[in-house]
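The block underneath contains the structure these notes are about, expressed in structure tokens.
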Amino acid sequence: MSTRQNGNGDGFGAVEVVRQVGISPEKLRYWEKRGIVKPRHVQRGKRKIRRYSQEDVHRAVLVKVLLDTEKYSLEGAIIRLEDEK
Numbered sequence: 417m418s419t420r421q422n423g424n425g426d427g428f429g430a431v432e433v434v435r436q437v438g439i440s441p442e443k444l445r446y447w448e449k450r451g452i453v454k455p456r457h458v459q460r461g462k463r464k465i466r467r468y469s470q471e472d473v474h475r476a477v478l479v480k481v482l483l484d485t486e487k488y489s490l491e492g493a494i495i496r497l498e499d500e501k
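Numbering (our numbering), first residue to last: 417 to 501.
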């Protein structure tokens, strides 16, 4: 997994995160709604874009592993994330 952020160090874009984690953009947005990832919203001209931290990427990878390999439910994976804090 790449740990490269863009040149100004403001995190990863959604396209890069979905590629690194191996999930769909829709799933990333759903995980955002569920609080699994918490991107910053950065103003770029007239648009606001989401920027994900390295911690967001780590959390998303962990959830994907828990779901795919460990056969956790999404609720179980969220509880596991909270236990790791």
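Cβ atoms here follow ideal geometry from the backbone N, Cα and C, with glycine treated the same way.
My assumption, with CB atoms under 8 Å, is that residue i sits in contact with residue j. Please give the rounded CB distance.
| i | j | result |
| --- | --- | --- |
| D426 | V477 | About 20 Å; that fails the 8 Å criterion. |
Please classify residue i: does DSSP put it in a helix, a strand, or coil?
| i | result |
| --- | --- |
| V458 | strand |
| I494 | helix |
| Y446 | helix |
| K480 | helix |
When we look at the beta-carbon of residue i and count the other beta-carbons within 10 Å, is it buried (16 or more) or exposed?
| i | result |
| --- | --- |
| R460 | exposed |
| D472 | buried |
| I452 | buried |
| Y446 | exposed |
| P441 | exposed |
Determine, using beta carbons only, whether residue i and residue j come nearer to each other than 8 Å.
| i | j | result |
| --- | --- | --- |
| V431 | Y468 | no |
| I465 | G429 | yes |
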